[in-house]
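For reference, the structure discussed in these notes is given below.
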Amino acid sequence: MKKNLNLCLYSLILLALLNCRDKEDNKAETIINSNFDYTILKGGKYVFDDPNFKKDNIRVLYLKNGEWKEYYEYNLDPKYGYFFYNRENHTYIRLFPTDYDKDGIENLKIKYDETTTDDIKAEFSYRENSETLTKIWYNGKEFTNPTSSAFTIEK
Numbered sequence: 782m783k784k785n786l787n788l789c790l791y792s793l794i795l796l797a798l799l800n801c802r803d804k805e806d807n808k809a810e811t812i813i814n815s816n817f818d819y820t821i822l823k824g825g826k827y828v829f830d831d832p833n834f835k836k837d838n839i840r841v842l843y844l845k846n847g848e849w850k851e852y853y854e855y856n857l858d859p860k861y862g863y864f865f866y867n868r869e870n871h872t873y874i875r876l877f878p879t880d881y882d883k884d885g886i887e888n889l890k891i892k893y894d895e896t897t898t899d900d901i902k903a904e905f906s907y908r909e910n911s912e913t914l915t916k917i918w919y920n921g922k923e924f925t926n927p928t929s930s931a932f933t934i935e936k
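With this note's numbering applied, the sequence shown has no gaps in its numbers, which climb one by one up to 936 at the end.
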């Protein structure tokens, strides 16, 4: 009886191990460097450092199927697609563009307030099971290797 029980247990373990091996269609996706960090310098002053600047009012919009939709992911810490942090005595925003259509390009609008909106275009590179942000165009100005450091946008 004990021998049959051990044989059954070993068979179950072997079956579980065989089912857990990698399958071609079951690869996990790895997102590598998909954020863009920047600050805005306008008239010699850093916009995000201004105490009157309303950081919580910012909204990120993305183009999906020809429609602009507001970025909102309730289960993420940056649920609106961005957060602010301090670096080198200035405030920077970290933006998380996402290629929802998986076509390599994401068009975004970042709405700072009711009157100020900037256009951002993000280019992604795909390899086997990874996604990397490779270029950003901020109001038409190209930034290559956007994840390597933080940028200053001059207006």
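Glycine residues also receive a C-beta, built at the ideal position from the N, C-alpha and C atoms.
Cα-Cα separation between residue i and residue j, rounded to whole angstroms
| i | j | result |
| --- | --- | --- |
| E887 | E851 | 13 Å |
| P878 | G862 | 7 Å |
| N870 | F829 | 11 Å |
| Y906 | E912 | It is worth fixing the name first, because residue 906 is Ser in this sequence and not Tyr. One C-alpha to the other measures close to 6 Å. |
| K835 | I874 | 13 Å |
| I821 | N838 | 16 Å |
| R868 | L842 | 26 Å |
| N846 | E904 | 17 Å |
| A931 | K826 | 17 Å |
| N926 | K902 | 14 Å |
| G921 | G824 | 20 Å |
| D899 | L857 | 24 Å |
Residues near residue i in its chain [Cβ-Cβ closer than 6 Å; skip 5 each side]
| i | result |
| --- | --- |
| R840 | E851, K892 |
| T928 | N814, L914 |
| T872 | F829, D830, F865 |
| D816 | A small correction: the amino acid at residue 816 is Asn; Asp does not occupy that position in the sequence shown. For N816, where only same-chain residues beyond five positions count, the Cβ hits under 6 Å are R875, F877. |
| D818 | Y873, R875, A931 |
| W849 | L842 |
Residues of its chain near residue i, where Cβ-Cβ distance is below 7 Å and the 5 sequence neighbours each way are ignored
| i | result |
| --- | --- |
| E923 | K916 |
Burial state of residue i (16 or more Cβ within 10 Å)
| i | result |
| --- | --- |
| L889 | buried |
| L876 | buried |
| T897 | exposed |
| P727 | Limits of the chain in this structure are 782 at one end and 936 at the other, which puts residue 727 out of reach. |
| L914 | buried |
| Y855 | exposed |
| Y853 | exposed |
| Y919 | buried |
Residue i: first and last residue of the uninterrupted beta strand (DSSP E) it sits in
| i | result |
| --- | --- |
| F829 | Unbroken run through F829: none, as it is neither H nor E. |
| I886 | 886-892 |
| F877 | Run containing F877: none; DSSP gives neither H nor E here. |
| A931 | It is not in any beta strand (DSSP E) - A931 carries neither H nor E in the DSSP assignment. |
| E909 | Per DSSP, E909 belongs to no beta strand (DSSP E) and is neither H nor E. |
| Y852 | Neither: Y852 is in no beta strand (DSSP E) and is coded neither H nor E. |
| F834 | F834 -> no beta strand (DSSP E), and no H or E assigned at all. |
| Y861 | Run containing Y861: none; DSSP gives neither H nor E here. |
| E869 | Careful: E869 lies outside any beta strand (DSSP E) and carries neither H nor E. |
| T925 | 922-925 |
Proximal residues to residue i (C-beta, below 8 Å), its chain only, five neighbours per side dropped
| i | result |
| --- | --- |
| P859 | R875, F877 |
| G885 | E904, F905, S906, Y907 |
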